[in-house]
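Following the working numbering, the residues of the sequence shown are numbered contiguously, the last one being 915.
Ideal Cβ placement from N, Cα and C applies to all residues, glycine included.
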Amino acid sequence: MSLLQKILSNSVAVLSTSVGRIILLSILARNLEQNEFGQYSLLIWFGELFLLLTNLGINGEFNKYIPELRKSGDVSFYIIKRLILILKSTLIGIGLFYILYFNVSYIHDMLKGINVVYYVIYLITYSFAMSFRAYMKGYERYKQLSLIELLFLLSVLALTIYFKNDLDLYLILIILSILNVFLILYYFHAVISEYKGEVIKKSCQLPKTRNYTQYIYATGIVSFFVWSRTEIYFVSKINFSSVAIYSVAITISGVIYQITNLCSSVLLPHFSGITSQKRISENTKVTKWLLVIMAIIGITSIPNINLFIDLLFGKEYYSAESITIVLIIGSFSMICSSSSNYLLSIGLSNINFCLNLIAAFALLFLCQLSYKSFGLMGISISKATVIWFISFSTFYICYLKKGLIIDHELVVCMTVFFVSLIAASYLTVITDSKLLKLILSVLGLATTLLIYKLLNINIINKVEK
Numbered sequence: 451m452s453l454l455q456k457i458l459s460n461s462v463a464v465l466s467t468s469v470g471r472i473i474l475l476s477i478l479a480r481n482l483e484q485n486e487f488g489q490y491s492l493l494i495w496f497g498e499l500f501l502l503l504t505n506l507g508i509n510g511e512f513n514k515y516i517p518e519l520r521k522s523g524d525v526s527f528y529i530i531k532r533l534i535l536i537l538k539s540t541l542i543g544i545g546l547f548y549i550l551y552f553n554v555s556y557i558h559d560m561l562k563g564i565n566v567v568y569y570v571i572y573l574i575t576y577s578f579a580m581s582f583r584a585y586m587k588g589y590e591r592y593k594q595l596s597l598i599e600l601l602f603l604l605s606v607l608a609l610t611i612y613f614k615n616d617l618d619l620y621l622i623l624i625i626l627s628i629l630n631v632f633l634i635l636y637y638f639h640a641v642i643s644e645y646k647g648e649v650i651k652k653s654c655q656l657p658k659t660r661n662y663t664q665y666i667y668a669t670g671i672v673s674f675f676v677w678s679r680t681e682i683y684f685v686s687k688i689n690f691s692s693v694a695i696y697s698v699a700i701t702i703s704g705v706i707y708q709i710t711n712l713c714s715s716v717l718l719p720h721f722s723g724i725t726s727q728k729r730i731s732e733n734t735k736v737t738k739w740l741l742v743i744m745a746i747i748g749i750t751s752i753p754n755i756n757l758f759i760d761l762l763f764g765k766e767y768y769s770a771e772s773i774t775i776v777l778i779i780g781s782f783s784m785i786c787s788s789s790s791n792y793l794l795s796i797g798l799s800n801i802n803f804c805l806n807l808i809a810a811f812a813l814l815f816l817c818q819l820s821y822k823s824f825g826l827m828g829i830s831i832s833k834a835t836v837i838w839f840i841s842f843s844t845f846y847i848c849y850l851k852k853g854l855i856i857d858h859e860l861v862v863c864m865t866v867f868f869v870s871l872i873a874a875s876y877l878t879v880i881t882d883s884k885l886l887k888l889i890l891s892v893l894g895l896a897t898t899l900l901i902y903k904l905l906n907i908n909i910i911n912k913v914e915k
């Protein structure tokens, strides 16, 4: 399977997940009070933090080392060792969660009685489902992942709509937990089917993976403060309604983030299995491809944010428009995601760690400085600024390491991208008419495509098979 085919297969899963989450959150936002929707967003964020801390970096390790271990036939012992480790760390994590639960008042207020049990079950099932999912990515089973994740989302949506009149926060957790169990069973069957007839033996690669995983885990904890909505902690200090508004903004911008990042989980296994010269060539081509796609998305999405908010979440969330635009502009910095994966593939994970560490401290400092005086807008600008810093630092370091070729096409793609971003931002302020903004954005899209055509920029067809 070529790199482009892998990206397209993976993008089906990524985009279907993003669209499904937006539809789900749209239903929840329209059927829950703002405070309750804010509480839901906060609990989901705690779930992501729990997954990060208890996974010990193993999901990232799967992406890099399963492709290598497949060649030696040592995968079975490796997987067994890692799943046992995840089980131990998950049980320890549950114990730590209960300590937190009994000592943090607003968590205790959100999860009273039997509801805390529902939440713990959700945490456990979510942790194992994501671990098996990472294993499937290591085996590059992108078509299977696309199908199962699409079915998962359709099931969540169907059950949410069915229980629409009785919908509350804890019924949602029960639905997610049950469906996570089905995901685990499916993934477990896929794991077993890979090892028929294989002799389980100790892998000589395990000491090497341990060193890599320590970097991944440390980087994951640090980068969580940058990429995984840690700023929502500062938003919760304002009130739960602000959490709901910010969640709407970051959900819409998160779709753009997923599109820019759709190739990341494909690139690390792919880069790890090809020659250094081809790795440089394909890193350059994927960067150009992302620039083209983001220029098109920028000119069409930014001027029409208010229209999207109205259609999906309702007029009561109009106040999320400006912070959504800021977060979308921040998410466009992920055009540099290919360079980040290149550095990881050649063993320079320490550079990613240092950049994430600097960015994490910067984000915490800026959010603490701005949330009292500037509210949600201050937090959003802080987030966007830090993301641009870390992304372009990665891009520049990759260039210094000769992992990127800055040729004429790349310069043109980057120029058109920034011009389209400026034009899209300008369109948001010249008129309040949704129809006129829509017409102007379509004209902007046509102009952008014409520029690429005149300059003979056709990146997609140039990606090597």
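Along the chain, where does the alpha helix (DSSP H) that runs through LEU762 open and close?
Within the sequence shown, numbered from 1, the residue matching residue 762 stands at position 312. Residues 755 to 762.
Name the two residues that bound the continuous alpha helix (DSSP H) containing GLU771.
The count along the sequence shown starts at 1 and reaches residue 771 at position 321. Segment 771 to 781, the alpha helix (DSSP H) holding GLU771.
Indicate the three-state DSSP secondary structure (helix, strand or coil) for GLY563 in the structure shown.
Looking up residue 563 in the sequence shown gives position 113. Three-state result, GLY563: coil.
Could you tell me whether the Cβ atoms of ILE696 and LEU826 are closer together than 8 angstroms?
Residue 696 sits at position 246 when you count from the first residue of the sequence shown. Residue 826 sits at position 376 when you count from the first residue of the sequence shown. The question names Ile, but residue 696 is Tyr in the sequence shown. Yes, these two residues count as a Cβ contact at 8 angstroms.
What's the gap between the Cα of LEU493 and the Cα of VAL606?
Translated into positions along the sequence shown, residue 493 becomes position 43. Translated into positions along the sequence shown, residue 606 becomes position 156. Whole-angstrom Cα-Cα distance: 17 angstroms.
Quick one, which of PHE815, ILE746, LEU850 has its alpha-carbon nearest ALA896's?
Within the sequence shown, numbered from 1, the residue matching residue 896 stands at position 446. That would be ILE746, whose Cα lies nearest to the Cα of ALA896.
To the nearest angstrom, how far is the alpha carbon of PHE690 from that of GLU486?
Taking the sequence shown and counting its residues from 1, one reaches residue 690 at position 240. Taking the sequence shown and counting its residues from 1, one reaches residue 486 at position 36. The alpha-carbon atoms of PHE690 and GLU486 are separated by roughly 8 angstroms.
Would you mind sorting GLN818 into buried or exposed? The rule is 16 or more other CB atoms within 10 Å of its CB.
Counted from its first residue, the sequence shown places residue 818 at position 368. So GLN818 counts as exposed.
Which residue's Cα is closest to the Cα of GLY704: ILE775, TRP739, TYR636?
As a first step, residue 704 must be located in the sequence shown, where it is residue number 254. When each option's Cα is compared against that of GLY704, the closest is ILE775.
Tell me whether the beta-carbon of ASN806 lies closer than 8 angstroms to the beta-carbon of ILE856.
In the sequence shown, residue 806 corresponds to position 356, counting from 1. In the sequence shown, residue 856 corresponds to position 406, counting from 1. The answer is no: Cβ separation not under 8 angstroms.
Under the three-state reduction of DSSP, which class applies to THR680: helix, strand or coil?
Along the sequence shown, one-based indexing puts residue 680 at 230. Of the three classes helix, strand and coil, the one that applies to THR680 here is coil, per DSSP.
Note down the Cα distance separating THR835 from HIS639, rounded to an integer number of angstroms.
If you number the sequence shown from 1, residue 835 lands on position 385. If you number the sequence shown from 1, residue 639 lands on position 189. If I take the Cα positions, the gap works out to 44 angstroms.
Write down every uninterrupted run of the alpha helix (DSSP H) in the region 784 to 863 whose length is 4 residues or greater and which is fully enclosed by it, in chain order.
List check, alpha helix (DSSP H) in window: 787 to 795, 799 to 850.
Going by beta-carbon coordinates alone, are CYS578 and ILE634 separated by less than 8 angstroms?
Locating residue 578 in the sequence shown gives position 128, counting from the first residue. Locating residue 634 in the sequence shown gives position 184, counting from the first residue. Residue identity differs from the one stated: residue 578 is Phe in this sequence, not Cys. Closer than 8 angstroms, so yes.
Helix or strand or just coil, what does DSSP make of LEU482?
For the purposes of this step, residue 482 is taken as the residue at position 32 of the sequence shown. Three-state result, LEU482: coil.
Would you please state the rounded distance, in angstroms, between the beta carbons of PHE803 and VAL676? I believe it to be under 8 angstroms.
Translated into the one-based positions of the sequence shown, residue 803 becomes position 353. Translated into the one-based positions of the sequence shown, residue 676 becomes position 226. So it is not a contact: roughly 12 angstroms between Cβ atoms.
Assuming LYS833 contacts LEU777 under a Cβ cut-off of 8 angstroms, what Cβ separation, rounded to an integer in Å, is found between them?
Your numbering for residue 833 matches position 383 in the sequence shown. Your numbering for residue 777 matches position 327 in the sequence shown. Yes, they are in contact, since the Cβ atoms of LYS833 and LEU777 sit about 6 angstroms apart, within 8 angstroms.
Check whether the Cβ atoms of SER891 and LEU877 sit closer than 8 angstroms, and answer yes or no.
What you label residue 891 is simply residue 441 of the sequence shown in a count that begins at 1. What you label residue 877 is simply residue 427 of the sequence shown in a count that begins at 1. Yes.
Assign LEU741 to buried or exposed, taking buried as 16 or more other Cβ atoms, counted over all protein chains shown, within 10 Å of its Cβ.
Taking the sequence shown and counting its residues from 1, the one referred to as residue 741 is at position 291. That one is buried.
Keeping to the same chain, check which residues put their C-beta closer than 7 angstroms to that of GLY543; ignore five residues upstream and five downstream.
Along the sequence shown, read from residue 1 onward, the residue named residue 543 stands at position 93. Closer than 7 angstroms at Cβ, skipping near neighbours: PHE500, LEU503, THR504.
Please name the residue, chosen from ASN800, ILE837, SER823, LYS822, that lies closest to PHE811 on a Cα-to-Cα basis.
Along the sequence shown, read from residue 1 onward, the residue named residue 811 stands at position 361. Checked all of ASN800, ILE837, SER823, LYS822; the closest Cα to PHE811 is ILE837.
With DSSP run on the structure shown, which of helix, strand or coil describes LYS687?
Mapped onto the sequence shown, residue 687 falls at position 237. Three-state result, LYS687: coil.
Whose C-beta lies closer than 6 angstroms to the C-beta of ILE706 among residues of the same chain, with five residues either side of it excluded?
Start at 1 with the first residue of the sequence shown, and residue 706 comes out as number 256. Same-chain partners within the cutoff: ILE778, SER781.
Using the Cβ count rule (16 or more neighbours within 10 Å means buried), how would you classify GLY545?
The residue you call residue 545 lines up with position 95 of the sequence shown. Burial call: exposed.
Let's test the definition: count the other Cβ atoms within 10 Å of the Cβ of ASN615 and tell me whether it reaches 16, buried, or not, exposed.
The residue you call residue 615 lines up with position 165 of the sequence shown. ASN615 should be labelled exposed.
Give me the Cα-Cα distance between ILE625 and THR898, rounded to the nearest whole angstrom.
Working through the sequence shown from its first residue, we reach residue 625 at position 175. Working through the sequence shown from its first residue, we reach residue 898 at position 448. Cα to Cα, ILE625 sits roughly 44 angstroms from THR898.
Among the residues of its own chain, which have a CB less than 8 angstroms from the CB of ILE472, if the five just before and after it don't count?
To locate residue 472, count along the sequence shown from 1; it is residue 22. THR701, ILE702, VAL705, LEU762.
Which same chain residues, not among the five before or five after PRO753, have their C-beta less than 7 angstroms away from its C-beta?
Translated into positions along the sequence shown, residue 753 becomes position 303. Closer than 7 angstroms at Cβ, skipping near neighbours: ALA874, LEU877, THR878, LYS887, LEU890, SER891.
Can you give me the C-alpha to C-alpha distance between PHE824 and SER843, rounded to a whole angstrom?
By one-based count along the sequence shown, residue 824 stands at place 374. By one-based count along the sequence shown, residue 843 stands at place 393. Near 27 angstroms, if we compare the C-alpha coordinates of SER843 and PHE824.
In whole angstroms, give me the CA-to-CA distance for ALA479 and TYR846.
Position 29 of the sequence shown, counted from the first residue, corresponds to residue 479. Position 396 of the sequence shown, counted from the first residue, corresponds to residue 846. C-alpha separation (whole angstroms): 40 angstroms.
Reducing DSSP to helix, strand and coil, say where LEU895 ends up.
Here residue 895 is taken as the residue at index 445 of the sequence shown, counted from 1. In the structure shown, LEU895 sits in a helix (DSSP, three-state: H, G or I).
Does DSSP put ASP616 in a helix, in a strand, or in coil?
Stepping through the sequence shown from its first residue, residue 616 is reached at position 166. DSSP places ASP616 in helix when its eight states are reduced to three.
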